[in-house]
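Visitor: Pasting a structure below so you can have a look.
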Amino acid sequence: DAKTTQPPSMDCAEGRAANLPCNHSTISGNEYVYWYRQIHSQGPQYIIHGLKNNETNEMASLIITEDRKSSTLILPHATLRDTAVYYCIVQGPGGGADGLTFGKGTHLIIQP
Amino acid sequence: GAVVSQHPSRVICKSGTSVKIECRSLDFQATTMFWYRQFPKQSLMLMATSNEGSKATYEQGVEKDKFLINHASLTLSTLTVTSAHPEDSSFYICSANMGRGSNQPQHFGDGTRLSIL
């Protein structure tokens, strides 16, 4: 699976957009970019995923660069409940048959 | 709503006790489930892949005789920590996905916090 690189921590003001970057320069053509988050003492929560097109759902937007070497997760109007560790993960070729490799993620802190 | 249920959420027991953790997929069948472990201030680490009807696949460094996995049905996988010791204290999390394609997210349980005294 391709390795990902994320900043260890970020701050964002409540109500503003939170933009979380992820670098995945060794991603393969058939690998998806997934984002999960983990709120303290809970299991991870799926947020969004994409292959090469930008994606949006009720939680967030995912912007993937044209060369697919990096992506940005956007939380459009961050709230205090969005404080969590955010993980960017590239899904391997085995797809649903493979466990996930978690990096250290980005600890996003939403400031009131 | 939750699609993966994990039980119990917290266990405190004495050293030497065996502890069983259940992971259930709700409203879908999961031929494959995954077990992770997370130590304080660290990321999740994959321990093993639980396969319905066959033996689990363990990651390097994970003792299969210590962490017994049973996946007897398409909706239930269990992890038994045998003869638990204080160093086994950790946050154990299971996951499953609804399909085998590479465009399927994993759904996680809420985790089990195991404390061995």
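Residue numbers (the numbering used here), protein chains in the order written: chain G, 2 to 113; chain Z, 26 to 142. Virtual Cβ for every residue (Gly too), placed ideally from N, Cα, C.
Can you say whether Ile49/G is buried or exposed, counting buried as having 16 or more other CB atoms within 10 angstroms of its CB?
Guide: For the purposes of this step, residue 49/G is identified with residue 48 of the first sequence, where counting begins at 1. So Ile49/G ends up on the buried side.
Visitor: Would a check of beta-carbon distances place Thr57/G closer than 8 Å to chain Z?
Guide: Within the first sequence, the letter at position 56 stands for residue 57/G. Chain Z contact via Cβ: absent.
Visitor: Which of the residues in the region 21-43 of chain G, read from start to end, lie with their CB under 9 Å from any CB of chain Z?
Guide: Hits within the stretch, in order: Asn31, Glu32, Tyr33, Tyr35, Tyr37, Gln39, Ser42, Gln43.
Visitor: Taking the Cβ atom as the reference point for each residue, do Thr103/Z and Ala55/Z lie within a distance shorter than 8 Å?
Guide: Stepping through the second sequence from its first residue, residue 103/Z is reached at position 78. Stepping through the second sequence from its first residue, residue 55/Z is reached at position 30. It is not a contact, given that the beta carbons lie outside the stated cut-off.
Visitor: Using CA coordinates, which residue listed in Thr82/Z, Ser75/Z, Val44/Z is at the minimum distance from Ser50/Z?
Guide: What you label residue 50/Z is simply residue 25 of the second sequence in a count that begins at 1. Residue Ser75/Z is the option with its Cα nearest to Ser50/Z.
Visitor: Is it true that the CB of Pro22/G sits closer than 8 Å to the CB of Pro8/G?
Guide: By 1-based counting over the first sequence, the position of residue 8/G is 7. By 1-based counting over the first sequence, the position of residue 22/G is 21. A contact, by the Cβ cut-off of 8 Å.
Visitor: Taking the C-alpha atoms as reference points, what is the distance between Val86/G and Ala14/G?
Guide: Along the first sequence, read from residue 1 onward, the residue named residue 86/G stands at position 85. Along the first sequence, read from residue 1 onward, the residue named residue 14/G stands at position 13. In a straight line, the C-alpha of Val86/G is about 16 Å away from that of Ala14/G.
Visitor: Going along the chain, which residues of the region 56-74 of chain Z sit with their C-beta nearer than 7 Å to a C-beta in chain G?
Guide: Those would be Thr57, Phe59, Ser68, Leu69, Leu71, Thr74, in chain order.
Visitor: With a cut-off of 8 Å on the beta carbons, I'd call Ser1/G and His108/G a contact; round off their distance for me.
Guide: Not covered by the structure: residue 1/G. The range shown for chain G is 2 to 113.
Visitor: Kindly provide the ranges of any alpha helix (DSSP H) runs that are 4 or more residues long and lie completely inside the region 111-135 of chain Z, ordered along the chain.
Guide: None, since the region 111-135 of chain Z contains no complete alpha helix (DSSP H) of that length.
Visitor: Flag Gly41/Z as yes if its beta-carbon sits less than 8 Å from any beta-carbon of chain G, otherwise no.
Guide: Mapped onto the second sequence, residue 41/Z falls at position 16. No, its Cβ sits nowhere closer than 8 Å to a Cβ of chain G.
Visitor: Could you name the residues that DSSP lists as bridge partners for Gly51/G?
Guide: The residue you call residue 51/G lines up with position 50 of the first sequence. Per DSSP, Val34/G.
Visitor: Which residues, in order along the region 83-110 of chain Z, keep a beta-carbon less than 9 Å from a beta-carbon of chain G?
Guide: Hits within the stretch, in order: Glu84.
Visitor: What does a CB cutoff of less than 6 Å around Thr6/G pick up in its chain, not counting 5 residues either side in sequence?
Guide: The residue you call residue 6/G lines up with position 5 of the first sequence. Cβ within range, chain order: Asn24.
Visitor: Per DSSP, which residues does Met60/G bridge with? Please list them.
Guide: As a first step, residue 60/G must be located in the first sequence, where it is residue number 59. Met60/G pairs with nothing; no bridge assigned.
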